[in-house]
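Undergrad: The working numbering puts the first residue of the sequence shown at 340, with every later residue one more than the last.
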Amino acid sequence: MSLQKRRAAAKKYQPKKVRLLLVAEAPPCDTDRYFYFEDVDRHDWLFRYVWEGLAGDKPERDQKREHLNALKRMSVFLIDLHEENVSQPTLAMLAPKVPGLIKRCQSLKPDRIVLIKSVVHDAAYPALVVAGLPVADARIPFPASGQQKKFLTHFRGAVADLDLAVGSMSR
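(1) Can you tell me whether DSSP reads F416 as helix, strand or coil?
(2) Residues in its own chain within less than 6 Å of F376 by CB, not counting five upstream and five downstream?
(3) Applying the criterion that 16 or more other CB atoms from any shown protein chain within 10 Å of the CB defines a buried residue, is K515 buried or exposed?
(4) What does R451 pair with, by DSSP beta-bridge criteria?
(5) For a minimum of 3 consecutive residues, which ranges assigned as the beta strand (DSSP E) are wholly contained in the stretch 421 to 465?
(6) Excluding sequence positions up to five away, which residues of its chain have a Cβ less than 8 Å from the Cβ of V362?
(7) What does DSSP give as the partner residue(s) for V474 in the beta ladder?
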């Protein structure tokens with residue numbers, strides 16, 4: 340799947356006003372998987388745990404479209420630091436992408452930015468702070484490889500004070 344196809348999928352679920360902007364590392368190398376693709380039958384870890392972290396329950400795979408619409412109503416949006424499919428990007432690979440990330444974040448004007456994965460935090464946090472963006476200082480692991488509980492704890496802590504409209508998710 341091309342960058343254009345991922346952008347089109349994300350645009351469908353982009354809220355008019357972004358309250359919570361999640362910044363992940365990069366799209367999966369498996370081009371059939373992406374946070375905003377509606378039909379992902381396996382390894383949809385990030386979507387599943389973002390949903391659980393915000394809604395408090397595990398998402399049903401056959402209801403992903405409804406869950407994505409609920410995230411949109413909650414004003415939650417996700418972008419990637421590196422927009423191309425990259426396997427295990429290093430700090431050296433991610434750092435050159437930070438100026439573009441800053442521009443995208445400034446354009447979206449979120450109330451809060453949460454960085455997902457330690458390497459994303461290491462690459463982007465200092466520059467986002469210098470740019471005056473509202474980024475949470477939280478090192479949140481990717482929710483796979485046994486890090487799911489740690490992800491939920493740190494993720495929920497980073498968004499606890501936002502008072503996202505969880506009740507609007509069932510509409």
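For glycine and all other residues, C-beta sits at the position ideal for the given N, C-alpha and C.
TA: This is what the structure gives:
(1) strand
(2) A348
(3) This structure leaves residue 515 out entirely; the chain is present only between 340 and 510.
(4) L359
(5) 451 to 454
(6) L417, I418, D419, L420, L440, C444, I452, V453, L454, I455, V459 and A463
(7) I452
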